[in-house]
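The numbering of the sequence shown is my numbering, which starts it at 627 and goes up by one.
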Amino acid sequence: MQAVPFWSVSVTIRRSEQPPWTVLSVGGDLDVVGAPDMRQAVVTAVAEGSRLLALDLSELDFVDSFGLGAVVGALKRVRQRGGELALVCPSSRIRRVFEICDLDRILALHDSMDTLSELSAVVSDGATSTRRRP
């Protein structure tokens, strides 16, 4: 597994492959300073052909409206290419921010990469459905 680091003052982003997923592990603060770096990491991954993108927020300490906007932008970018975005968000504090903003209705939130892999139903000619059905 090759990790490609992106570094910012407030956020760290490591890219790795856990087939079929391209994983961007985001740590630190996803805020006005760090959000552009995450956007760039997503743009790069999608431009290189990643259709199944997971944002691993296990090491994320803080997210603000700029960070939420970057995540929604990532979802749009990936879906425009026929792909899917999933969030790995084990922290109840960070997960709560997504729930308060009702983003859990449009984004798949998973407790771990293992959970995500178990719930993924990969279709060879299309994207993956990672949403938990109520």
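From the three backbone atoms N, C-alpha and C, an ideal C-beta is built for every residue, glycine too. As the structure is a computational prediction, the values presented were derived from the model and not from experiment.
With respect to the beta strand (DSSP E) encompassing Ser684, which residues constitute its N-terminal and C-terminal limits?
-> 678-689
Range covered by the beta strand (DSSP E) that runs through Ser651 | 647-656
Give me whichever residues DSSP pairs with Ala734 in a beta bridge.
-> Ala712
Consider the C-beta atom of Leu694 and the heavy atoms of the ligand ATP; say whether any pair is separated by less than 6 Å.
-> As presented, the structure is devoid of all ligands, the ligand ATP included, so that no description of it is given.
Pair within 7 Å by beta-carbon distance, Ala696 and Met664 = yes
Assigned exposure category for Asp655 - 16 Cβ within 10 Å defines buried = buried
DSSP state of Glu674, grouped into three classes?
-> coil
When you compare each of Gln706, Cys715, Val723, Cys727 to Leu650 by their alpha carbons, which one comes out closest?
-> Cys715
Through-space distance from Gly660 to Phe692, alpha-carbon basis = 9 Å
Pick out whichever of Met739, Val689, Gly699 has its Cα sitting closest to the Cα of Val658.
-> Val689
Go ahead and label Asp682 buried or exposed: buried means 16 or more other beta carbons lie within 10 angstroms of its beta carbon, across all protein chains shown.
-> buried
Report the rounded CA-to-CA distance for Leu679 versus Glu643, giving the unit in angstroms.
-> 10 Å
Taking C-alpha atoms, which residue in Ala671, Ile726, Ile732 lies nearest to Arg707?
-> Ala671
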